[in-house]
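Our numbering puts the first residue of the sequence shown at 20, with every later residue one more than the last.
We put the beta carbon where it would ideally sit given N, CA and C, even for glycine.
Because the structure is a prediction, the values reported are computed rather than measured.
To keep things clear, I will list the structure first and then write my remarks on it.
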Amino acid sequence: MSKLFNIGFGNIVNAEKITAIIMPDSAPAKRLMQNAKKNGMAIDATHGRKIKACIILENSQLVFSALTPETLLERFRDKTDEQQ
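Quick look at the structure:
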């Protein structure tokens, strides 16, 4: 069964498909985000808010979240603790 992970504002991602969660502020992250937008591989789940985290999935898609990586990590840990 897939582990679903809330990334904010009712948006959910399959936790088993997450490769990394990065801050969007660095130049390499910005280039990665720009390329994903250009190639149609970006999913904006911010609901118009500032992008605070970029979630990289196994299939090279990027998901933008308005929550910080630290908040997402807390939610992920809470979710895995519940399941144990």
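6 Å Cβ shell around residue i - same chain, five flanking residues per side excluded
i, result
"A34", "K22 and F24"
Assigned secondary structure, residue i (DSSP; H/G/I helix, E/B strand, else coil)
i, result
"A64", "coil"
"N30", "strand"
Unbroken beta strand (DSSP E) run spanning residue i, endpoints
i, result
"F83", "L81 to S84"
"T38", "I37 to I41"
"A72", "A72 to L76"
Residue i and residue j closer than 7 Å at C-beta
i, j, result
"I26", "S84", "yes"
"I40", "L91", "yes"
"K71", "T87", "yes"
"P47", "C73", "no"
Enclosing alpha helix (DSSP H) for residue i [first to last residue]
i, result
"Q53", "A46 to K57"
Contact set for residue i: own chain, Cβ-Cβ below 8 Å, skip 5 residues either direction
i, result
"K49", "P43"
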